[in-house]
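Asker: Below is a structure I'd like to ask you about.
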Amino acid sequence: MNDVDAMDGEALRRQFTRRALSPVEVTKNLLARIDASESAINAFVFIDREGALVAAHASEQRYAKGAAIGPADGIAATVKDNLSLKGFPKRNGSLATSDAPEAFDAPAVARLREAGVVILGKTTMPEFGWKGLSDSPLTGLTRNPWRLDRTTGGSSSGAAACAALGLGHIHLGTDGAGSLRIPAAFTGVVGFKTTHGRVPAYPISVMGELAHVGAITRSTSDQALALSLITAPDRRDFLAWTDKALDRRGRLEGGITGLKIGFSPRLGHVSKIDPEIETSVAAAARVFEELGAHVEEADPRMSDPRDILNDLWFAGAALALRAFKDSDRAVMDPGFLAAALRGQGVSGATVLERLLVARGQLIQAFHDYHDRYDLLLTPQMSTVALPFGNNMPPPGFAGVAAWGDEWTEWSPFTYPFNITQAPAISLPCGLNSEGLPIGLQLVGRLREDETVLTAARAFEKASPFARIDSPRPA
Numbered sequence: 001m002n003d004v005d006a007m008d009g010e011a012l013r014r015q016f017t018r019r020a021l022s023p024v025e026v027t028k029n030l031l032a033r034i035d036a037s038e039s040a041i042n043a044f045v046f047i048d049r050e051g052a053l054v055a056a057h058a059s060e061q062r063y064a065k066g067a068a069i070g071p072a073d074g075i076a077a078t079v080k081d082n083l084s085l086k087g088f089p090k091r092n093g094s095l096a097t098s099d100a101p102e103a104f105d106a107p108a109v110a111r112l113r114e115a116g117v118v119i120l121g122k123t124t125m126p127e128f129g130w131k132g133l134s135d136s137p138l139t140g141l142t143r144n145p146w147r148l149d150r151t152t153g154g155s156s157s158g159a160a161a162c163a164a165l166g167l168g169h170i171h172l173g174t175d176g177a178g179s180l181r182i183p184a185a186f187t188g189v190v191g192f193k194t195t196h197g198r199v200p201a202y203p204i205s206v207m208g209e210l211a212h213v214g215a216i217t218r219s220t221s222d223q224a225l226a227l228s229l230i231t232a233p234d235r236r237d238f239l240a241w242t243d244k245a246l247d248r249r250g251r252l253e254g255g256i257t258g259l260k261i262g263f264s265p266r267l268g269h270v271s272k273i274d275p276e277i278e279t280s281v282a283a284a285a286r287v288f289e290e291l292g293a294h295v296e297e298a299d300p301r302m303s304d305p306r307d308i309l310n311d312l313w314f315a316g317a318a319l320a321l322r323a324f325k326d327s328d329r330a331v332m333d334p335g336f337l338a339a340a341l342r343g344q345g346v347s348g349a350t351v352l353e354r355l356l357v358a359r360g361q362l363i364q365a366f367h368d369y370h371d372r373y374d375l376l377l378t379p380q381m382s383t384v385a386l387p388f389g390n391n392m393p394p395p396g397f398a399g400v401a402a403w404g405d406e407w408t409e410w411s412p413f414t415y416p417f418n419i420t421q422a423p424a425i426s427l428p429c430g431l432n433s434e435g436l437p438i439g440l441q442l443v444g445r446l447r448e449d450e451t452v453l454t455a456a457r458a459f460e461k462a463s464p465f466a467r468i469d470s471p472r473p474a
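Position 448 (the sequence shown) corresponds to 448 in UniProt numbering; numbering is contiguous.
Here it is in structure tokens:
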């Protein structure tokens with residue numbers, strides 16, 4: 001791997017400051033690497049070569065004058081295709097959406113531009129982010145760099161593929177039921193869903209308070225860099241925090257001695273999980289013990305909240321469908337259309353009950369859990385990256401006889417924390433016998449995002465993860 005490609009954003013910025021490297025040189029290298037991998041991976045909806053080079057030249061001039069804007073000046077990023085990027089369409093992975101360019105930047109995008117970040121383009125996603133896989137009517141398949149016949153997961157699909165290959169340092173995405181964490185786990189990178197509202201969003205998602213904006217990165221240090229920018233307040237989001245940006249750069253090294261971690265291998269109810277994942281995450285729990293944390297196995301008092309998710313999720317899909325003509329349905333993903341039509345049968349009273357009563361009960365269960373534990377440790381997924389072909393693993397995959405018929409059955413560790421809005425991070429903890437990444441998840445108390453990130457950093461340092469810089473064939 002090229003030394004430059006292996007650097008985190010902070011190390012690269014130091015090279016820019018010393019004039020040892022140039023933002024233009026690095027951006028040209030990234031664009032060349034995108035060209036070399038894109039036919040195999042298919043991670044981009046749009047590549048903004050001209051805009052990226054203009055931004056890189058401007059950054060280079062600032063460094064030459066000793067006037068860099070901040071810690072991310074000249075660092076490269078990508079933007080998921082459901083976030084507004086001025087001058088480019090927001091297609092949402094759909095053939096039915098408009099190809100007219102957006103007139104403004106989403107809050108997270110605006111914060112990156114203000115910081116001098118070089119935006120490479122927009123990345124792929126399944127239609128309207130409705131599932132945790134990486135295919136869409138608009139762009140087809142986005143392939144996993146670790147094995148090209150496997151999905152990257154979704155819905156921040158292209159973002160994860162770019163992070164896995166080191167095609168930039170910050171990859172903006174969203175997470176409504178695991179859409180940062182699923183692809184991060186499948187591609188061996190870091191996906192952090194912060195407490196809801198920590199990263200402002202605009203326009204507000206049809207998925208309401210399930211939806212979170214965040215980033216996928218190769219490392220926790222790059223997560224800290226991203227969060228120092230995108231957590232800044234933005235009054236366009238009436239649900240967002242008004243606190244100043246969360247800046248933990250350089251302050252993730254405090255360690256976790258004395259931290260209390262509850263380890264829940266199955267959240268008390270998950271029945272289908274790859275045994276290799278269980279083994280890998282149990283080994284990770286021992287690493288946390290070796291780092292000085294107090295770890296004990298303990299399940300939260302909860303049942304599977306999938307019914308809560310489904311009612312809210314399908315109702316959101318129904319709301320999204322309202323914006324389109326009946327004739328548009330012919331070009332939509334049949335799975336999304338089925339979810340939206342199912343959502344038309346969810347009453348307003350049911351949505352309110354789920355939001356106000358059922359969600360409140362689940363949040364209280366985790367408040368009780370976190371009275372005893374600072375963090376919850378779980379597997380991130382029930383399976384490694386799936387083969388392409390359908391929304392479910394084939395019978396017998398990963399030793400499970402039958403996986404069911406909804407994609408949430410193989411992602412049971414993700415969506416509970418969209419419902420509770422708690423901070424949850426996915427980071428790699430090993431490879432399975434086929435050489436595919438396995439991820440673990442750390443969940444913290446509401447608004448204690450720093451604790452989650454600090455613990456993730458401690459584990460990352462103790463258990464370095466292999467990286468790839470080019471796609472691996474099936």
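Every residue gets a Cβ at the ideal spot worked out from N, C-alpha and C, and that includes glycine.
First and last residue of the beta strand (DSSP E) that includes LEU21?
Answerer: Neither: LEU21 is in no beta strand (DSSP E) and is coded neither H nor E.
Asker: Straight-line CA distance for LEU21 to ALA100?
Answerer: Spanning the two alpha carbons is a distance of roughly 37 Å.
Asker: Would DSSP call MET332 helix, strand or coil?
Answerer: Reduced to three states, the DSSP call for MET332 is coil.
Asker: Rounded C-beta distance between TRP146 and ALA164? I'm assuming under 8 Å.
Answerer: 7 Å between Cβ atoms; contact.
Asker: To which residues of the same chain is MET1 closer than 7 Å at the C-beta, ignoring the five residues directly before and after it?
Answerer: Interpretation of MET1 is limited by its pLDDT of 45, a score under 50 that renders its predicted location unreliable; the figure taken from the coordinates is listed afterwards. Once the five neighbours on either side are set aside, the close Cβ partners of MET1 are ARG467 and ASP469.
Asker: State the Cα-Cα distance for the pair PRO395 and ALA340, rounded to the nearest angstrom.
Answerer: Computed Cα separation, rounded: 27 Å.
Asker: Using CA atoms only, rank isn't needed, just tell me which of THR194, VAL357 and PHE397 is closest to PRO423.
Answerer: Of THR194, VAL357 and PHE397, the residue nearest in Cα terms is THR194.
Asker: Using the three-state DSSP reduction, which class does residue 476 fall into: helix, strand or coil?
Answerer: Residue 476 falls outside the range modelled here, since the chain spans only 1 to 474, and no answer is possible.
Asker: Beta-carbon separation of VAL443 and LEU376 under 8 Å?
Answerer: Cβ distance < 8 Å, so VAL443 and LEU376 count as in contact.
Asker: Do LEU229 and THR378 have their beta-carbon atoms positioned less than 8 Å apart in this structure?
Answerer: Against a cut-off of 8 Å, the Cβ pair of LEU229 and THR378 comes out as no contact.
Asker: Taking the continuous alpha helix (DSSP H) assigned at GLN275, which residues delimit it?
Answerer: Checking the sequence shown, residue 275 turns out to be Pro, not Gln. Start and end: 275-290.
Asker: Answer with yes or no whether the minimum CB distance from GLY254 to chain B is below 8 Å.
Answerer: Structure shown: chain B not included; a single protein chain is present.
Asker: Under 8 Å, do GLY158 and THR123 count as touching if we go by C-beta distance?
Answerer: Contact: yes.
Asker: Could you give the residue range of the beta strand (DSSP E) that holds GLN441?
Answerer: First-last of the beta strand (DSSP E) with GLN441: 437-444.
Asker: Would you kindly check if the distance between the Cβ of PRO265 and the Cβ of GLY399 is under 8 Å?
Answerer: Cβ atoms of GLY399 and PRO265: not closer than 8 Å.
Asker: Taking 6 Å as the limit between beta carbons, can you name the residues of its chain near ARG14, skipping five residues before and five after?
Answerer: Once the five neighbours on either side are set aside, ARG14 has no close Cβ partner at all.
Asker: Excluding five sequence neighbours on each side, which residues of the same chain lie with their C-beta closer than 6 Å to the C-beta of SER155?
Answerer: Cβ neighbours of SER155 beyond the five flanking positions: MET125, PRO126, GLY129 and SER179.
Asker: Identify which residue in ILE277, ARG322, PHE288 and GLY343 has its Cα closest to the Cα of PHE397.
Answerer: The shortest Cα separation from PHE397 among ILE277, ARG322, PHE288 and GLY343 belongs to ILE277.
Asker: Apart from the five residues just before and just after ALA458, which ones in its own chain have a Cβ nearer than 7 Å to its Cβ?
Answerer: Closer than 7 Å at the Cβ level, and outside the excluded window around ALA458, lie GLY255, ILE256 and LEU291.
Asker: Name the residue from THR279, GLU289, ARG251 and TRP407 whose alpha carbon lies nearest to the alpha carbon of LYS260.
Answerer: Nearest of THR279, GLU289, ARG251 and TRP407 to LYS260, Cα basis: GLU289.
Asker: Can you tell me where the alpha helix (DSSP H) with GLY9 in it begins and where it stops?
Answerer: Where GLY9 is concerned, the enclosing alpha helix (DSSP H) stretches over 9-17.
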